[in-house]
Amino acid sequence: DYVNFIEEQIGYPITMVSNGPAREDIIYRNSPLKK
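Counting from 61, one number per residue, gives the positions in the sequence shown under the numbering used here.
Take a look at the structure:
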């Protein structure tokens, strides 16, 4: 998974990924910081 690779490279979790210009185009991922 590309996003997991980027997380490993930067050492920080990615919780949102935008795939378009609108707010509805945001993919929310699970945050490891969230309880």
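Where a beta carbon is used, it is the ideal one built from N, C-alpha and C, also for glycine.
Because the structure is a prediction, the values reported are computed rather than measured.
Whole-angstrom C-beta distance between residue j and residue i, which should lie under 8 Å
i	j	result
residue 63	residue 70	Contact doesn't hold; Cβ gap of about 11 Å is too wide.
residue 86	residue 78	5 Å
Simplified DSSP state of residue i, which is helix, strand or coil
i	result
residue 87	strand
residue 72	coil
Strand pairing of residue i, partner residues [DSSP]
i	result
residue 77	87
Minimum Cβ-Cβ distance from residue i to chain C less than 9 Å
i	result
residue 61	Absent here is chain C; the protein component of the structure consists of one chain.
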